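Student: Sharing a structure below in structure tokens format, with a few things to ask.
In the working numbering, the protein residues as written are 21 to 78.
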């Protein structure tokens, strides 16, 4: 059985979801303006910062 209460688990899930959505929004804005998003935003959506910096380069 989980050590987290159902309420805490629900809050954690919602918080994680909102972090991911916020990170995706920041990454999209950064991509549109040609800049690098914060490492926190990249981490929230599961993108490696080094991989982001290599996009568009060969």
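Built from N, CA and C at the ideal position, the CB exists for glycine as well.
Computed from a prediction, not measured in an experiment: that's the story for all the values here.
Under the assumption that residue 44 contacts residue 65 (Cβ atoms under 8 Å), give the Cβ distance between them as a whole number of angstroms.
Tutor: Position 24 of the chain shown holds residue 44. Position 45 of the chain shown holds residue 65. Confirmed, about 5 Å.
Student: Alpha carbon to alpha carbon, how far is residue 28 from residue 37? Give it in angstroms, no decimals.
Tutor: As a first step, residue 37 is located in the chain shown; it is residue number 17 there, counting from the start. As a first step, residue 28 is located in the chain shown; it is residue number 8 there, counting from the start. The straight-line gap from Cα to Cα measures roughly 14 Å.
Student: So within the segment 37-69, which uninterrupted beta strand (DSSP E) runs reach at least 3 residues, ignoring any that extend past its ends?
Tutor: none
Student: According to DSSP, is residue 73 part of a helix, a strand, or is it coil?
Tutor: Here residue 73 is taken as the residue at index 53 of the chain shown, counted from 1. Correct three-state label for residue 73: helix.
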